[in-house]
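Asks: Numbering (this note's numbering), first residue to last: 210 to 519.
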Ligand SMILES: Cc1cc2nc3c(=O)[nH]c(=O)nc-3n(C[C@H](O)[C@H](O)[C@H](O)COP(=O)(O)OP(=O)(O)OC[C@H]3O[C@@H](n4cnc5c(N)ncnc54)[C@H](O)[C@@H]3O)c2cc1C
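(1) Cutting at 7 Å between CB atoms, please list the residues of its own chain near residue 483, excluding the five before and the five after it.
(2) May I ask which residues mark the beginning and end of the alpha helix (DSSP H) holding residue 506?
(3) Can you list, in chain order, the residues of its chain with a C-beta nearer than 7 Å to that of residue 224? Leave out the 5 residues immediately preceding and following it.
(4) Below 8 Å CB to CB, which residues in the same chain sit around residue 523 once its five sequence neighbours on both sides are set aside?
(5) Hey, quick one: how far does the beta strand (DSSP E) through residue 248 stretch, first residue to last?
(6) Return the first residue and the last residue of the beta strand (DSSP E) that residue 478 is part of.
(7) If you measure between the beta carbons of residue 452 and residue 408, is that distance less than 8 Å?
(8) Is DSSP giving residue 311 helix, strand or coil here?
(9) Return the CA-CA distance between residue 233 and residue 269, expressed in angstroms with no decimal places.
(10) For residue 376, is the beta carbon positioned less than 7 Å from some heavy atom of ligand 1?
(11) Is it buried or exposed, residue 240, if we count other Cβ atoms within 10 angstroms and call 16 or more buried?
(12) Could I get the ranges of all uninterrupted alpha helix (DSSP H) runs contained in the region 341 to 393, with 4 residues as the minimum, in chain order?
(13) Give me, in chain order, the residues of the same chain whose beta-carbon lies closer than 6 Å to that of residue 306; leave out the 5 immediate sequence neighbours on both sides.
(14) Tell me where the alpha helix (DSSP H) around residue 334 begins and ends.
(15) Along the alpha helix (DSSP H) that carries residue 415, what are the first and last residues, could you check?
(16) Is any heavy atom in ligand 1 found nearer than 7 Å to the beta carbon of residue 489?
(17) In this structure, does DSSP put residue 422 in helix, strand or coil?
(18) What residue range does the alpha helix (DSSP H) around residue 281 cover?
(19) Would you check whether ligand 1 has a heavy atom nearer than 7 Å to the C-beta of residue 399?
(20) Out of curiosity, what's the CA-to-CA distance linking residue 304 and residue 505?
(21) For my contact list, residue 481 and residue 375 are in at a C-beta cut-off of 8 Å; report their separation, rounded to the angstrom.
(22) Going by DSSP, which residues form a beta bridge with residue 402?
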């Protein structure tokens, strides 16, 4: 068995990557198939994911748009109740941030609303593969509907005033933590999540070293009797798990795996939600293993965005 420390990583590199690379990189965490990433693998991976309806992968990239439209068009957009979007009125229109999934599903539901068509048409133009099977060429915006859409890139988002920055800046963080921590994190509903799957991952395979990985419990010091007891429980469990895999599937064998099991999870949300998460998950009332990763993460976020994390 492997025992590792918990950790986290703000996904800065993916912020600079293209949409499909971002989606692939997050999506492969479920299968732990990162070794299959090549310079050409992102597009086919994302197409397959979209075809198979693994829609939560499509939540892992957001697009921010500036839409120049009339007050009536803005109202028409709000009337369709665009869920999972962040929308703000700005000087001559609106600022809209949504994930690829939210744009896909909004178009399917309300593609006849001019600002929706204009935005999806704009994104489709640069990334047709993201809307395959969804984009039907549009409904033909009427005269008088003239709407201008432009992309607000990350650099520009970072320059927004604090109240808009907090709503439109999405940050992804990859955690390597135990299953008890992931179980708690996923209660934060406004976030998108992708998590290593114990159904798809067969830890008896070579790529996992034919071993189960556990997170070192912060409660027990190495060298103590308690730590020795914990270690024995993990070793015994691993042995039983591997034995069960000889005759059954990972989803059946995983029923014996404990909370200490190592899990990778990507949490993706805006700064408003990160602030809310830190307010709940860094206090003395929070679970200590959760605080172990959230306290340093909160400090790092505060350093990056002092105007938001006051
Ligand atoms: C110390 C601690 C102990 C806990 N103990 C337990 C426990 O014993 N049992 C248990 O089941 N859970 C427990 N939880 C989890 C807790 O109940 C929440 O589910 C979790 O913290 C998510 O927080 P949240 O609901 O405030 O916000 P999130 O889900 O992060 O949502 C963020 C914000 O979005 C809004 N929002 C999201 N969804 C809705 C909605 N459907 N309706 C209205 N507003 C919404 C709210 O404004 C909310 O503040 C505990 C959490 C902590 C921090």
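Glycine residues also receive a C-beta, built at the ideal position from the N, C-alpha and C atoms. Predicted model only: the values in this text are computed from it and were never measured.
Replies: This is what the structure holds:
(1) 380, 510
(2) 497 to 513
(3) 363
(4) Look at the range of the chain in this structure, 210 to 519, and you will see that residue 523 is not part of it.
(5) It is not in any beta strand (DSSP E) - residue 248 carries neither H nor E in the DSSP assignment.
(6) 471 to 479
(7) no
(8) helix
(9) 9 Å
(10) no
(11) exposed
(12) 363 to 367, 371 to 377
(13) 271, 273, 295, 377
(14) 323 to 335
(15) No alpha helix (DSSP H) contains residue 415, which DSSP labels as neither H nor E.
(16) yes
(17) strand
(18) 280 to 288
(19) yes
(20) 31 Å
(21) 5 Å
(22) 476
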